[in-house]
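Numbering (the working numbering), first residue to last: 1 to 137. For every residue, glycine included, the Cβ atom is placed at its ideal position computed from N, Cα and C.
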């Protein structure tokens, strides 16, 4: 299997997080699209490839190495300076529906470990996402 680009790695993490509970909701899929369209890290990504990259991730999850293999390829593809951005993108998808299931929490833990992110960075990302997504009701 060919190496991932950093853009593909970021998308793979969002897809993995969304699919973790075996239910990729419309809200989560829309958030992935929003992230790809609006985050500066994706400014030079061809958005027409989003569905293709997401499908490739789903296919890779069903291969022999499964989730571990995908996470290893993601970690290899991401430069150190984008690892917190990658976790933030995955967290956005998990938090968008305002309820984080245990499967999503577990996948986020696996991502955190594979990307070697420290506890304070992870806590800051979580707090920022929760504050950004909070509603009045």
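Item to check | Contacting residues, own chain, Cβ-Cβ under 7 Å from residue 14 (five flanking each side not counted) | outcome: Hits under 7 Å: 32, 35, 89, 90 and 93.
Checklist entry - Which residues in the same chain as residue 47 place their Cβ atom closer than 7 Å to its Cβ, once the five residues preceding and following it in sequence are excluded? => result 36 and 37
Item to check | Inter-stretch contact at 8 Å, needing at least 3 Cβ pairs: the stretch 44-62 / the stretch 96-114 | outcome: no
Checklist entry - Taking the C-alpha atoms as reference points, what is the distance between residue 9 and residue 110? => result 15 Å
Checklist entry - Is residue 11 helix, strand or coil when you go by DSSP? => result Reduced to three states, the DSSP call for residue 11 is helix.
Checklist entry - Does the separation of the CB atoms of residue 18 and residue 107 fall below 7 Å? => result No, the Cβ-Cβ distance between residue 18 and residue 107 is not below 7 Å.
Item to check | alpha helix (DSSP H) segment containing residue 58, residue limits | outcome: 50-61
Checklist entry - Taking the C-alpha atoms as reference points, what is the distance between residue 70 and residue 76? => result Rounded to whole angstroms, residue 70 and residue 76 show a C-alpha spacing of 10 Å.
Checklist entry - In chain order, which alpha helix (DSSP H) runs of at least 4 residues are fully inside the stretch 67-95? => result 83-95
Item to check | Boundaries of the alpha helix (DSSP H) in which residue 99 is found, first to last residue | outcome: First-last for residue 99: undefined, no H or E at that position.
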